[in-house]
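A quick write-up on the structure given underneath.
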């Protein structure tokens, strides 16, 4: 690629302009290399669901009229909503022939306090759940630990989740679902192997430089991405060499 001619820029006030030009040229070079040489990485196969439909009893009837739906509650953080989340909600929805599925989603404040920072804001996580076809109702700002008062308030019959014990980071107990398990109101769902929010974040971290260059090529600025010139380049270091020369 032939580099574009640049005027001799004098003065510290023009340095940022020079660096932006250099950065744009590096982005264009990376795009050309990707178009010519880069082969697309094969996507991993979607793991099969481990869930086997539970035997469902015949709907209870009274005088030919079906009884009210069974109200099942599932909860979580649902950050970067993915098909593993959707499969768990599908299992909860199919626990009974006539299920009304309520899904609780914890707020940012609660999640950041007990689990850590999320990628999506609470409003985005709530809205993602509302667009899942298995969900009948979303309960925002859900409690970290389920109480009898909460079950009564929402008329919940059963709580659905995988059976692993989840330590209560708030210090109230060793398993946030211990109360409903002892009450016989817990229904187990199965996790989907091979996908999780942490897995998705790890993919981005692993290919950090590529995603930085991708977004720069799509018009984002380095300030918006929170990266310095030292960090940006096809191999992570090329621009830093140019910047060092310019500053010298």
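Residue numbers (our numbering): 76 to 323. Positions of the beta carbon are idealized from the N, C-alpha and C atoms, including for glycine. This structure is a prediction, so every number in the text was calculated from the model and none was measured.
Who are the near neighbours of residue 279 in its chain, counting only those whose CB is closer than 7 Å to its CB and skipping five residues on each side?
Here the set comprises 286.
Looking at the secondary structure, which residues open and close the beta strand (DSSP E) in which residue 35 lies?
With the chain covering 76 to 323 only, the question about residue 35 has no answer from this structure.
What does DSSP give as the partner residues of residue 301 in its beta bridges?
None, per the DSSP bridge assignment.
Please identify the residue among 191, 276, 272, 291 whose C-alpha is closest to the C-alpha of residue 161.
If we check each option's Cα against that of residue 161, 272 comes out closest.
Tell me the DSSP bridge mates of residue 181?
None, per the DSSP bridge assignment.
Is the region 221-228 close to the region 181-190, with three or more CB pairs under 8 Å?
The region 221-228, when compared against the region 181-190, does not touch it at the 8 Å Cβ threshold.
Tell me which same chain residues have a C-beta within less than 8 Å of the C-beta of residue 275, skipping the five on either side of it?
If you ignore the 5 residues before and after residue 275, its C-beta comes within less than 8 Å of the C-beta of 155, 157, all in its own chain and listed in chain order.
Would you call the region 162-181 in contact with the region 198-214, where contact means no fewer than 3 C-beta pairs closer than 8 Å?
Yes: the two stretches touch, three or more of their Cβ pairs being nearer than 8 Å.
What is the rounded straight-line gap between the Cα of residue 224 and the Cα of residue 218?
Residue 218 has its alpha-carbon roughly 11 Å from the corresponding atom of residue 224.
Taking the alpha carbon of residue 172 as the point to measure from, which residue in 205, 189, 144, 252 has its own alpha carbon closest?
It is 144 whose Cα lies nearest to the Cα of residue 172.
Distance, Cα to Cα, residue 232 vs residue 222?
If I take the Cα positions, the gap works out to 13 Å.
Can you tell me whether residue 151 is helix, strand or coil according to DSSP?
Residue state, collapsed to three classes: strand.
Own chain partners of residue 270 with C-beta closer than 6 Å, once the 5 adjacent residues on each side are dropped:
Correct list, in chain order: 157, 159.
Provide the residue(s) that pair with residue 187 in DSSP beta bridges, ordered along the chain.
DSSP lists no partner for residue 187.
Please report the distance separating the alpha-carbon of residue 277 from that of residue 283.
Cα to Cα, residue 277 sits roughly 10 Å from residue 283.
Out of 296, 237, 292, which one is the CA nearest neighbour of residue 268?
The residue with the shortest Cα to Cα distance from residue 268 is 237.
Counting along the chain, where does the beta strand (DSSP E) carrying residue 234 start and finish?
Taken as a continuous stretch (DSSP letters only), the beta strand (DSSP E) holding residue 234 covers 233-236.
Alpha carbon to alpha carbon, how far is residue 216 from residue 201? Give it in angstroms, no decimals.
Computed Cα separation, rounded: 9 Å.
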